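Take any residue in the sequence shown, count from 1 to its spot, add 39: that is its number in the working numbering.
Right, one structure below, let's go through it.
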Amino acid sequence: MANELRLLAIHVEEPTPGTYEWVITERRSRNQWSEIDRSTDGRNHYQEAMANGLVSLEQMIDDLNEGPRRSLDRSGVPQQGSKAQSATMQTDAEEAARVSRAKPKNAAYFGFGPIR
């Protein structure tokens, strides 16, 4: 079974002035993006929120050289339909919850600076 590259994006929101939260979304169609993960706590700085979001994204990916992948059906078409999409979204949500609780194994420079 082949794998298709998932189209993921990170952005930072400011729900209240001075509080920044990262959000990871996935493109579902040409004009539709769905939230698949979000920080559980706000940060005081945009840079810190973005760096934490990048760490969470990195932890969702099995092979950083290949990027995030989605399984394709036997015909080479991404799995579709309400059951498959619902299962994928549920799996994404479960994985996102697990990953958001995980801490980076090694402090290092990534994206916007040192991981704290």
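By construction, the Cβ of each residue, glycine as well, lies at the ideal position given by its N, Cα and C atoms.
It should be emphasised that the depicted structure is a prediction, and the values quoted were computed from it without experimental measurement.
Reduced DSSP secondary structure (H/G/I, E/B, other) of residue i
i: LEU46; result: coil
i: SER78; result: coil
i: GLU105; result: coil
Residue i: first and last residue of the uninterrupted beta strand (DSSP E) it sits in
i: GLU60; result: 58-68
Assumed close pair residue i, residue j - CB separation to whole angstroms, cut-off 8 Å
i: GLY81; j: THR58; result: 4 Å
i: THR64; j: SER73; result: 6 Å
i: ARG108; j: LEU44; result: 6 Å
CA-to-CA distance, residue j to residue i, given in whole angstroms
i: GLN71; j: GLU52; result: 18 Å
i: MET89; j: ASN42; result: 28 Å
i: TRP61; j: GLN98; result: 14 Å
i: THR55; j: ASN83; result: 11 Å
i: ASP101; j: SER68; result: 23 Å
i: LEU96; j: ILE75; result: 10 Å
Span of the alpha helix (DSSP H) around residue i
i: ASN91; result: 85-99
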